[in-house]
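K.L.:
Heads up: the sequence shown begins at 30 in our numbering, then just goes up one per residue. The C-beta atom is built at its ideal place from N, Cα and C for all residues, glycine as well. Note that the structure is predicted; figures quoted are calculated from it, not measured.
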Amino acid sequence: MMIDPPIDKLIKHAECRYALTVAVAKLARELATTESSYLEKSGLKPISLACKEIYEDKIKIVRD
30 MMIDPPIDKL IKHAECRYAL TVAVAKLARE LATTESSYLE KSGLKPISLA
80 CKEIYEDKIK IVRD
């Protein structure tokens, strides 16, 4: 199974792996519960779509 985008490129968008993991999980949960039509159009699972949006800088990871 191949992760797309690659984790080594995705990690550059966060301070650490933990921050990236939390951000992806929160975004994936939000996508899964609120935007089902968006998920259907993309054809991706919530985790994959969350990773893709972070990688494409559609979502910024900021520290609270």
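Quick one: grab the DSSP three-state call for Arg92.
P.N.:
To locate residue 92, count along the sequence shown from 1; it is residue 63. Arg92: coil per DSSP, three-state reduction.
K.L.:
Mind reading off the beta-carbon distance from Leu49 to Ala43? Whole number of angstroms is fine, and I expect it under 8 Å.
P.N.:
The residue given as residue 49 occupies position 20 in the sequence shown. The residue given as residue 43 occupies position 14 in the sequence shown. About 4 Å separates the two Cβ atoms, so the contact holds.
K.L.:
I'd like the span of the alpha helix (DSSP H) that includes Ile22, first residue to last.
P.N.:
With the chain represented from 30 up to 93, any question about residue 22 goes unanswered, as that position is not in the structure.
K.L.:
Any idea if Val51 is buried or exposed, counting beta-carbon neighbours within 10 angstroms, 16 or more meaning buried?
P.N.:
Walking along the sequence shown from the start, residue 51 turns up at place 22. Exposed, because fewer than 16 other Cβ atoms sit within 10 Å of the Cβ of Val51.
K.L.:
Which same chain residues end up closer than 8 Å to Glu59 when comparing Cβ atoms and leaving out the 5 residues on each side of it in sequence?
P.N.:
Numbered from its first residue, the sequence shown carries residue 59 at position 30. Closer than 8 Å at the Cβ level, and outside the excluded window around Glu59, lies no residue.
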